[in-house]
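Here is the structure we will look at, set down as structure tokens.
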Amino acid sequence: MRHASATIGAILVVMFAGACRAAPQPSEPAPRPAPAAEPAPVDPEPEPEPERWPEPELELEQIAGVHYLEVVTGDADADAELPMVVALHGNGAFPRLMEAALLQNPGDAEHPAAPYDAPARFIFLRGTEAVDPPGHARWFSITANEAQASAEQLAELSAQIEARSNTVADAIAALTEARPTVGKPIITGHSQGGILTFGLAVSHPEQFAAAFPVAGWLPAPLWPKQPANEVARKLRIVALHGADDTTVSFIESEAAVEALAKLGYDITLHPYPGVRHSFSPMLAELRALLERA
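Residue numbers (mature numbering (1 follows the signal peptide of the UniProt record, and there is no 0)): -22 to -1, 1 to 271.
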């Protein structure tokens, strides 16, 4: 018992001595490293310029009462003898817009199109009826939808197509005489321009080497009453049309093509499934047709 008491006492002495020792002073914190220098600010990449529509030209050359824009492609000399392509814009458009679409538009994701670069002389005619804003124009005052909904409007549109076809045919004849041209001109157009292309192909087939209407249509009152003659049969017509187009009905265009084919015209329709009234998906094929014609 005495031995145990002595042991306990020794332990208490040691604990008391430890408690009485001065507490250790905390060590000084290690110096923090200097902050890294801030990187020099980097100028952000400039935002790409948004694509801008071309502006219409208010002053254009004129021949036989029709204003036009002339563009030579393929680095050809403007006075060289070249194939001529006459292009007709749609409702409310203008020649410079048709030029950008027909020659430079890259198509779309499913139908990419390289720019047109073969040597040729393109004539972009301006519609004969001015509309707002200034520089914009149309060929007819009645739309395809209006004409397809009313017999009276259909008759009026047909009369306008016939009249414009004669006016434009005179202008093209004058241009062919005025500019050095290889062979006969090619005619093409989109929407109202495609409708007028149909009209010209049927009423003035002797003037053209080929006709390529895009999203166009020929109203039934203008379907020829007689089979195609020898001159008309020689004109190649290839119509391009979106199968889902309701602005200028694909179904109506298909009926017109079938009627002309039965009359002996060299005409085919190339439908674009899933495409509405867009020009872009057809540009690759159209440019190839123009280059080969």
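All C-beta atoms, glycine included, are put in the ideal place defined by N, C-alpha and C.
- No residue range can be given for Pro84, since it is assigned to no beta strand (DSSP E) and is classified by DSSP as neither H nor E.
- Your pair Gly68 and Ala262 does not check out as a contact, with CB atoms roughly 19 Å apart and the cut at 8 Å.
- Taking a contact as a CB-CB distance under 8 Å, the pair Ala189 and Ala198 does not count as one, their CB atoms being some 19 Å apart.
- A straight-line Cα-Cα distance of about 31 Å links Ser169 and Asp55.
- Taking a contact to require three or more Cβ pairs closer than 8 Å, the stretch 56 to 76 and the stretch 232 to 244 do not qualify as touching.
- Around Ser136, the same chain offers Pro197, Pro199, Leu200 as residues with beta carbons nearer than 7 Å, after the five sequence neighbours per side are excluded.
- DSSP places Val235 in the helix class (H, G or I) of the three-state scheme.
- Excluding the 5 residues flanking it on each side, Ala239 has same chain C-beta neighbours closer than 6 Å at Ile245, in chain order.
- In this structure, Pro32 sits near Ala78, with a CB-CB distance shorter than 7 Å.
- When only Cα atoms are considered, Pro93 and Arg99 end up about 15 Å apart.
- DSSP places Pro191 within a strand segment (E or B) once states are collapsed to three.
- In this structure the stretch 34 to 45 touches the stretch 147 to 158; the number of beta carbon pairs closer than 8 Å is three or more.
- Between Pro259 and Ala91, the alpha-carbon positions lie close to 8 Å from each other.
- Taking a C-beta distance under 7 Å as the contact criterion, Ala125 and Ala115 do not qualify as a contact pair.
- Secondary structure note for Arg116: its beta strand (DSSP E) is the uninterrupted segment 114 to 116.
- With respect to Leu267, Val63 sits apart: the two C-beta atoms are not nearer than 7 Å.
- Rounded to the nearest whole angstrom, the CA to CA distance from Val209 to Ala237 is 18 Å.
- Under the three-state reduction of DSSP, Thr154 is assigned to helix.
- In this structure, Ala221 and Pro249 form a Cβ contact; the two beta carbons are roughly 4 Å apart against a cut-off of 8 Å.
- Take Gly105, set aside five residues on each side of it, and the residues of its chain with a beta-carbon closer than 7 Å to its own are His67, Ala115, Arg116, Trp117, in chain order.
- By the Cβ neighbour-count rule, Pro163 is buried, with 16 or more other Cβ atoms within 10 Å of its own.
- Counting along the chain, the unbroken alpha helix (DSSP H) around Arg270 starts and ends at 261 to 270.
- Distance check between Gly252 and each of Leu81, Leu47, His89 places His89 closest, using alpha-carbon atoms only.
- As DSSP reads the structure, Thr225 sits in no beta bridge.
- Around the beta carbon of Thr224, fewer than 16 other beta carbons lie within 10 angstroms, which makes this residue exposed.
- Scanning Ala206, Asn207, Leu38, Pro34 for the CA closest to the CA of Asp110 turns up Pro34.
- DSSP places Thr51 in the uninterrupted beta strand (DSSP E) bounded by 44 to 51.
- Between Ser143 and Gly177, the C-beta gap is smaller than 7 Å, which places the two residues in contact.
- Looking at Val226, Arg157, Gly194, Arg254, the one whose alpha-carbon comes closest to that of Glu48 is Arg157.
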